Amino acid sequence: MTNSRRISLRLPNYDYSQTGAYFITIVTNKRRCMFGSIIDDKMKLSDAGKMIDRVCQELMQFIPNVIMEPYVIMPNHFHAIILLNMANVGATLCGCPGQTRRSAPTVSINNRTNWTSLPDVVARFKSLTTRRFIDGVKKNNWPRFDEHLWQRNYYEHVIRDEIDYELISDYILSNPQNWDKDPEKNQKSS
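Residue 152 in the working numbering is what sits at position 156 of the sequence shown, and the numbering runs on without skipping anything.
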């Protein structure tokens, strides 16, 4: 009998519901390109990619104290900074037209009754997008996926300071321009 124990990517004993900024990456199962394509260094969202964008907007409206900004939907993955349980302390303009970027907030919300955790946000995101993708397969003939839309786990990084926040924001926003350097870009498209 083999040991099928899963390796956790989370920090041991870290409270992922505490106030903070978190960088996440969620990848499609088998790294299949399902959300659009990169044309002239810009992400051109497919209908499935537009659905992912709508889910992001809805999550920020309906999950208390969650801001997902900046984020980018790529052909086979999704990057975001999730500001969790923080007060909105204002925004500064970034180098991309039409995009805003928040300064790394330091004001926390005192009322913990509406708090949520990073794993809860990711689970809701995956669940909603999977359900809606299945609807798109049935109603709009979107390409089917094997077993799962998303890989089981996700990458996360606790953002520790404003410099870390700025570097990660720049990485997220420049991701479409760096697609040609991505070793996973040549995976099977759907």
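From the three backbone atoms N, C-alpha and C, an ideal C-beta is built for every residue, glycine too. Nothing here was measured: the structure is a model prediction, and the numbers come from that model.
Candidates the options, of which the one nearest residue i by Cα
i	options	result
residue 80	68, 140 and 118	118
residue 43	51, 37 and 176	51
residue 113	61, 22 and 40	61
residue 71	57, 82 and 33	33
residue 115	143, 137, 149 and 136	149
Beta-carbon contacts of residue i that lie in its chain and below 7 Å, excluding the five residues immediately before and after
i	result
residue 48	31, 69, 74 and 125
residue 37	172 and 173
residue 132	43, 44, 47 and 138
residue 145	24, 25, 125, 126 and 129
Spatial distance of residue i from residue j (CA atoms)
i	j	result
residue 160	residue 19	10 Å
residue 178	residue 15	32 Å
residue 41	residue 53	15 Å
residue 26	residue 155	28 Å
residue 157	residue 82	15 Å
residue 9	residue 21	21 Å
residue 176	residue 134	32 Å
residue 142	residue 12	30 Å
residue 88	residue 162	For residue 88, the predicted model reports a pLDDT of 31, less than 50, meaning its position is unreliable and no value from the coordinates is stated.
residue 28	residue 147	10 Å
Counted within 10 angstroms of its Cβ, other Cβ atoms place residue i as buried (16 or more) or exposed
i	result
residue 152	buried
residue 174	exposed
residue 35	exposed
residue 58	exposed
6 Å Cβ shell around residue i - same chain, five flanking residues per side excluded
i	result
residue 128	47
Nonlocal neighbours in the same chain, by C-beta distance under 8 Å from residue i, ignoring five residues either side
i	result
residue 55	62, 64, 117, 120, 121 and 124
residue 136	43
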